[in-house]
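Numbering of the sequence shown is given in numbering that gives the first Met the number 0, commencing with residue 0 and proceeding in unit increments. All remarks here apply to the structure that follows.
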Amino acid sequence: MLSASSLPYIEASVPVLRAHGGEISKVFYRNLFDSHPELTQLFNMGNQAAGTQQQALAAALFAYAANIHNTDALGPVINRIVHKHASVGVCPAHYPIVGQFLIGAIKEVLGDAATPPLLNAWDEAYWLLARQFIAAEKKLYDANGLQPGDLRQMKVLSKTATSDEVSTFTLGCMDGSPAGPFIPGQYISVVATLPTGQSQQRQYSLSDAQGLAHWRISVKRVTQQDAAPAGEVSNWLYKNIHPGDILLVSSPFGDFTPALNKTTPIALLSAGVGITPMISVLNTLAQSKCPRSILFAHATRHGATHAHIEDVKAAKNKLPGMVMHTFYENPRPHDRLEIDYTQQGRMRLDPAVITAFSEGFFYLCGPHAFMQVQWKNLIAAGVSPHHIQREVFGPDLLEQLA
Ligand SMILES: Cc1cc2nc3c(=O)[nH]c(=O)nc-3n(C[C@H](O)[C@H](O)[C@H](O)COP(=O)(O)OP(=O)(O)OC[C@H]3O[C@@H](n4cnc5c(N)ncnc54)[C@H](O)[C@@H]3O)c2cc1C
Ligand code: HEM
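Listed below in structure tokens is the structure:
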């Protein structure tokens with residue numbers, strides 16, 4: 000627990016972090032990478048360039064200070080970060096380095112306002128949180144029999160285009176043994192050695208049922224959009240990785256794990272490549288011909304961008320309680336209404352459809368704006384926020400806490 004002498008300083012930091020959290024975070028990463036260039040291999044430099052990881056760290060610090068009396072609210076946030084840290088190999092020895100540069104950045108940005116008692120309070124608060132992370136990460140590593148940073152080699156067994164922009168890769172163990180357990184919804188980190196020589200890791204959700212001999216990932220090729228350059232790792236995978244190649248990957252991690260063993264309804268809402276964890280869930284439910292009520296709602300631009308159609312069709316044949324709603328934003332002339340898709344436009348589920356599932360849980364995955372709209376729509380239809388979970392394909396900006 001934070002000491003009584005430090006508490007007022009952390010409380011008083013809330014407006015300061017609102018105003019300067021972004022700047023503190025930027026200065027932190029700049030100084031950290033200047034002094035420890037080796038850490039750029041651990042961090043996602045695409046997120047750094049786009050500014051999203053800086054925003055996520057600023058949001059996390061702000062959420063921490065703002066919820067210092069309501070630490071229960073931070074539990075799910077901490078759990079997500081712990082899984083992300085474990086997937087990239089964060090270890091206890093990293094924490095003093097990060098702490099030093101974080102306190103240094105607060106001092107640099109706040110200048111004279113960063114009095115010694117304020118810096119001491121943040122040092123204490125940092126270590127309180129850091130110890131929580133270290134303990135939770137150790138527990139996770141131990142539970143999986145892993146050391147931080149352990150990676151495994153896996154052979155690419157196949158590479159298939161699942162849509163115009165998504166390629167799936169099936170991965171098998173080098174010795175032919177089964178790929179190993181995971182919980183549908185979880186992801187692995189994939190390590191890429193880019194043409195510049197830089198090593199980078201990215202997370203990809205496992206996109207097939209659990210219990211199979213192989214793992215599968217489905218990767219959307221991120222193309223250049225105006226000033227935003229083409230994605231580095233997705234294009235590296237797309238161009239350079241072929242059947243027979245070896246990929247270095249982490250063990251599966253992730254706390255987005257839709258409950259499979261219940262009898263209540265389950266609703267899976269996705270857009271674009273956000274379909275990947277949902278397919279893992281759906282294919283696993285289909286394996287056991289699960290009788291539950293299942294809503295599978297998906298939104299994409301049109302038939303050519305509609306990934307994993309075959310999996311969804313095959314699952315539908317095995318799942319008597321499955322209802323499908325497919326939204327095409329701009330269907331092509333030959334996309335067939337009622338056959339390929341059920342509604343034109345962006346996903347807007349009818350309140351009656353939502354209500355039919357409101358006893359169960361709703362799981363969301365897709366672009367930020369998509370998830371915000373669905374969240375509002377579900378809440379407006381009477382779904383409890385405790386019955387909604389989401390996966391973010393990037394750093395979580397924690398708007399719900401900030
Ligand atoms: C838990 C989780 C699960 C995921 N699952 C999947 C999945 O199943 N399938 C999938 O395809 N993806 C998934 N992702 C996303 C994936 O990890 C990568 O983020 C994605 O493939 C893009 O990586 P990249 O290296 O190609 O792009 P990056 O090079 O990292 O670029 C990312 C974005 O940043 C922009 N950017 C880069 N530099 C700049 C700059 N200087 N200025 C402005 N913008 C810039 C790029 O244009 C691009 O839009 C998942 C992510 C997470 C966190
Ligand atoms: C108390 C200290 C720390 C806090 C509050 C913190 C916070 C965060 C947050 C909020 C994220 C984003 C999670 C998400 O994807 O939603 C994250 C990711 C990450 N953190 Fe930490 N972290 C801490 C310590 C560390 C340490 C010690 C390291 C090791 C150098 C580290 C390395 C990383 C990496 C590599 C990522 C993934 C970055 C990315 O994908 O862009 N963190 N952390």
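Don't be surprised by glycine CBs; every beta carbon is placed ideally from N, CA and C.
(Q) Only counting the same chain, and skipping five residues up and downstream in sequence, which positions put a Cβ closer than 6 Å to that of E268? (A) Checking the displayed sequence, the identity of residue 268 turns out to be Leu instead of Glu. Once the five neighbours on either side are set aside, the close Cβ partners of L268 are A296, L363 and Q373.
Q.
I want to know whether the stretch 190–201 touches the stretch 330–347 - three or more CB-CB distances under 8 Å.
A. no
Q.
Given 8 Å as the limit, tell me if A351 has its C-beta closer than that to any heavy atom belonging to ligand 2.
A. no
(Q) For P14, which residues in the same chain have their Cβ closer than 7 Å to its Cβ, ignoring the five residues on either side in sequence? (A) none
Q) For the beta strand (DSSP E) that A298 lies in, which residues bound it at each end? A) I293 to T299
Q.
Three or more C-beta pairs under 8 Å: does that hold for the stretch 134–142 against the stretch 76–88?
A. yes
Q. Which runs of the alpha helix (DSSP H) fall wholly inside the stretch 180–268 and span at least 4 residues, in chain order?
A. 231–239
Q) Can you pull every residue whose C-beta falls closer than 5 Å to some heavy atom of ligand 2, listed in chain order? A) L41, F42, N43, N46, Q52, A55, A59, I80, K83, V87, V89, H93, Y94, V97, L128, A129, P394 and D395
Q: Taking all protein chains shown into account, decide if K219 is buried (16 or more other Cβ within 10 angstroms of its Cβ) or exposed.
A: buried
Q. Cα separation between Q146 and P180?
A. 18 Å
Q: List the endpoints of the continuous alpha helix (DSSP H) containing Q286.
A: I274 to Q286
(Q) Quick check on T354: does DSSP put it in helix, strand or coil? (A) helix
Q.
Buried or exposed for N43, going by 16 or more other Cβ atoms inside 10 Å?
A. buried
Q) Out of curiosity, what's the CA-to-CA distance linking T299 and I278? A) 15 Å
**Q.** Nearest to A92 (by Cα), restricted to the options F369, N46, L38 and I102
**A.** L38
Q: Please confirm if the stretch 163–182 is in contact with the stretch 220–237, defined as three or more CB-CB distances below 8 Å between the two stretches.
A: yes
Q. Rounded to the nearest angstrom, how far is the Cβ of A212 from that of F360, given a contact under 8 Å?
A. That pair is no contact at about 29 Å.
Q. Any chance the CB of V190 is under 8 Å from a heavy atom of ligand 1?
A. no
(Q) Taking 8 Å as the cut-off, is the beta-carbon of Y362 closer than that to any non-hydrogen atom of ligand 1? (A) no
Q: Decide if the stretch 345–354 is in contact with the stretch 227–245; the criterion is three or more beta carbon pairs, one per stretch, under 8 Å apart.
A: no
Q. Is it buried or exposed for R215, if we count other Cβ within 10 angstroms and need 16 for buried?
A. buried
(Q) Any heavy atom of ligand 1 inside 8 Å of the beta-carbon of G253? (A) yes
Q) Below 9 Å between beta carbons: does that hold for L101 and F168? A) no
Q) Between which two residues does the beta strand (DSSP E) harbouring S166 extend? A) V165 to C172
Q. Just the Cα atoms here: how many angstroms apart are T262 and T256?
A. 16 Å
Q) Along the chain, where does the beta strand (DSSP E) that runs through V155 open and close? A) R151 to A160
Q: Tell me whether A160 is buried or exposed, calling it buried when 16 or more other Cβ atoms sit within 10 Å of its Cβ.
A: exposed
**Q.** CA nearest to the CA of P7, picked from D149, A208, I67 and G230
**A.** I67
Q: Enumerate in chain order the residues of its own chain whose CB-to-CB distance from T304 is below 7 Å, with the five nearest sequence positions on each side excluded.
A: S162, D163 and E164
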